[in-house]
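To convert a position in the sequence shown, counted from 1, into the numbering used here, add 16. Structure first, then comments.
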Amino acid sequence: MPSLFASYLRVYEPLAAFDRDRQSYWRRYVSEGRAIAPVEGPGRQRTAVIEALGAGWTRLPDLPEEAYVLETDDGLLVCPWNLRIRVAEAALSARDGVPSVLADAFVPPVLAGQARAVVDDWRSGARVLEHGVPRVHEQIATWGVPLRWFVLFDPAERDLVTQPGRRALRYRTEISKARRRSSRALSVLRKSVGEAPITEAVEEAARWLEEFHPRSVVELDYGGLVDLLSDETLTADDSPELVAGGLAGLSRGEAEEASAAYDKLVARWRAVQLLERCN
17 MPSLFASYLR
27 VYEPLAAFDR
37 DRQSYWRRYV
47 SEGRAIAPVE
57 GPGRQRTAVI
67 EALGAGWTRL
77 PDLPEEAYVL
87 ETDDGLLVCP
97 WNLRIRVAEA
107 ALSARDGVPS
117 VLADAFVPPV
127 LAGQARAVVD
137 DWRSGARVLE
147 HGVPRVHEQI
157 ATWGVPLRWF
167 VLFDPAERDL
177 VTQPGRRALR
187 YRTEISKARR
197 RSSRALSVLR
207 KSVGEAPITE
217 AVEEAARWLE
227 EFHPRSVVEL
237 DYGGLVDLLS
247 DETLTADDSP
257 ELVAGGLAGL
267 SRGEAEEASA
277 AYDKLVARWR
287 AVQLLERCN
C-alpha cells in the first residue's frame, strides 16, 4: 500500500526511557527483524487499524505493538506507534462538535465509551512508564507540513533521497537542539506578535517535546508528500530556512522581511493542500 499523503513528526527515545519489560520487548522486537521502515509504516498502520476495528466499529480492539527504530552508535532508539491510544483519541475527536445523530453514525456510542475509558486510563497514570509521563511518539499532518514543525530543525539536518522507489525527505536532530530552537522561537514570537495562533502552536510543540527523554532524536518526515513533489522541488525546498529567516526578521524588528518569508512559505504549502481537492 502506498504511503498516505501526510507528513510525520516523530520522537525516537533510547531504551532507558522505558521500563524493564518494554526494554526487553523492544530488544527482542529488533533482534527478530520485526522493525518496520517509515516508508512502509503508514500503510501498515492503516491496514492494522481497519482490520482490527472490523465493519461494525463496536469495540476498540487491541492493536499490535509496533515501532520505528533507529540503530545508532549510542544504542537503539525507538518510536512506538501507540496505535490503541491514537485510535481512541481519534474516535473521540471525530465526535467533537458534531450533532449526536451524525456522531453516533460515524463513531458508535459503544466504541466512544471504550475510547474514553482508554484515554482516561492513559492520562490518569495507570499505563504510565516508570518516569511517569504518558507519551504519544508520533504526530501526523495530512496534505502538508505544519509550519511550527520547521522551527525545530536546521537546513543542514536534511536527508534527501531521490532514488526511484526510495524517495524521501527527512530532517533529524537531537531533542536538546529542537528544544532550544523552540524556546528561542517562542521568545521572539511573544515579543513581536504576542499570544497569536502561531505562538500558541509553537508553544504546544515545545510542551510536547518536554515529555521525552533528553537523549531522544526528533524526526520530521515528509512521508507520502514526496509523491506529490518533483525531485527538483524537493531539492529546492528550504522551508526550515524560511522559518528561521522569518524569525530572525522579527527579532530585528524587520516586519517586511519576516512577512515575505512567511507569505512564501504559506503559498508553497497551500499549493500542496489544494491538491486534496483535485479529482
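Just so it is clear, CB atoms sit at the ideal spot from N, CA and C, and this is done for glycine as well. Because the structure is a prediction, the values reported are computed rather than measured.
Bridge pairing for Ser23: Ala157 [DSSP].
Boundaries for Tyr41: no beta strand (DSSP E) harbours it, while the alpha helix (DSSP H) harbouring it runs Arg36 to Ser47, taken from the DSSP string. Judged by beta-carbon spacing, Pro230 lies within the 8 Å limit of Ser192, meaning their Cβ atoms are closer than that value.
In the DSSP assignment, the residues bridged to Ala184 are Val177. Sixteen is the threshold: since fewer than 16 other Cβ atoms of the shown chains lie within 10 Å of the Cβ of Glu270, the residue is exposed. The residues Phe122 and Val123, in chain order, have a CB closer than 7 Å to that of Ala110 in the same chain once the five nearest residues on each side in sequence are set aside.
Counting every other CB atom within 10 Å of its CB across the protein chains shown gives Asp175 a total below 16, marking it as exposed.
Between Leu92 and Val27, the gap from beta carbon to beta carbon reaches 8 Å or more. Across the set Gly49, Pro54 and Glu82, the C-alpha of Glu82 shows the shortest separation from the C-alpha of Ala64. Look at Val114 here: in three-state DSSP terms it is coil, with no helix or strand label.
The alpha-carbon separation between Thr158 and Arg38 amounts to approximately 30 Å.
Closest in alpha carbon position to Thr88, among Ala212, Thr189, Val134 and Thr251, is Thr189.
Taking one beta carbon from each stretch, the stretch 244-260 and the stretch 164-175 have 3 or more pairs nearer than 8 Å; the two touch.
Around the beta carbon of Asp35, fewer than 16 other beta carbons lie within 10 angstroms, which makes this residue exposed.
Scanning Ala104, Trp165, Asp120 and Gly160 for the CA closest to the CA of Val135 turns up Ala104. The Cβ atoms of Val204 and Leu266 sit closer than 8 Å to each other.
Rounded to the nearest whole angstrom, the CA to CA distance from Arg44 to Arg50 is 9 Å. Residue ranges of uninterrupted alpha helix (DSSP H) with 4 or more members, entirely inside the stretch 199-238 and ordered along the chain, are 213-225.
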